[in-house]
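First residue of the sequence shown? That's 1 in the numbering used here, and the numbers climb one at a time after it.
Beta carbons are placed, not taken as given, at the ideal position from N, Cα and C, and that holds for glycine.
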Amino acid sequence: YLSVTVPGNCTGRWWALERVPGYELVSSGIALVSNVPDSERCAELCLNENRFPCRSAMFSPGRCVLSAEDRRTQPDSYRASPGDVEYLENQCIDSNPKGQTCSFQEFPNSSLSYTDVEFTRTTQA
């Protein structure tokens, strides 16, 4: 477990950060911070970043890379890492940035006029 100082926008969440040892987000860094002692400090840097919305961070000994992207916004860049890297994903930030999700419209009390699969003559076993 990581022990980090959680910002106010994270109240009501089950956890502030998801940690994935051995994975990284390739070529997505915006800010590099040197002399970072541990992954807890790297997580705090991401959670409290004010210059840009920090969606994730990568920690390797002494080094923290902060990113405005995460494995959902850049899935092709997320991969297993050779070496001692920890991928840290900020759960306090909006997980679906505007314009990056599918839109939908809800129609109450209605049903679809088509189906993907139709079963006929079914029997109970």
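| Query | Result |
| --- | --- |
| Sort out for me which residues DSSP pairs Arg19 with in a bridge. | Leu88 |
| Who are the Cβ neighbours of Val20 in its own chain at under 6 Å, not counting the five residues just before and after it? | Tyr87 |
| If you follow the beta strand (DSSP E) that Arg79 is in, where does it begin and where does it stop? | 78 to 80 |
| Can you give me the start and stop residues for the beta strand (DSSP E) that Arg63 sits inside? | 62 to 67 |
| So is Arg71 buried or exposed if we call it buried at 16+ other beta carbons inside 10 Å? | buried |
| If you check the beta carbons only, do Arg63 and Ser34 fall under 8 Å apart? | yes |
| Which residue comes first and which comes last in the alpha helix (DSSP H) that contains Ser39? | 39 to 47 |
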